[in-house]
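S.K.: Last residue of the sequence shown: number 255 in our numbering, and the count goes up by one each step with no gaps.
Every residue, glycine too, gets a C-beta built ideally from N, C-alpha and C.
Mind having a look at this structure? Questions to follow.
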Amino acid sequence: LGGTARCFKCKERLYAADEVPGPRATKWHRHCLVCLVCRKSLDSMALMRDDTD
Numbered sequence: 203l204g205g206t207a208r209c210f211k212c213k214e215r216l217y218a219a220d221e222v223p224g225p226r227a228t229k230w231h232r233h234c235l236v237c238l239v240c241r242k243s244l245d246s247m248a249l250m251r252d253d254t255d
């Protein structure tokens, strides 16, 4: 069977109830996907800006 999904930030095991999509198809815990400046939770459905071409 496939490997266990891991959080992109903390590398701990992800469970479906706490998993949220992050940038570039990464998977995160809801509590790990936060703003680096203010520590507020981020909405995984919000628009993300990517200036790379």
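One question on the structure: do Gly-224 and Leu-238 come within less than 8 angstroms of each other, judged by their Cβ atoms?
M.R.: No. Outside cutoff.
S.K.: Nearest-angstrom Cα distance between Lys-229 and Cys-240?
M.R.: The straight-line gap from Cα to Cα measures roughly 21 angstroms.
S.K.: CA-CA distance, Ala-227 and Phe-210?
M.R.: The alpha-carbon atoms of Ala-227 and Phe-210 are separated by roughly 10 angstroms.
S.K.: How many angstroms separate the CA atom of Thr-206 from the CA atom of Arg-215?
M.R.: Using only the alpha carbons, I get a separation of about 7 angstroms.
S.K.: Restricting to Cα atoms, I'd like to know which of Ser-243, Asp-220, His-231 is closest to Lys-213.
M.R.: Comparing Cα-Cα distances from Lys-213 to each of Ser-243, Asp-220, His-231, the minimum goes to His-231.
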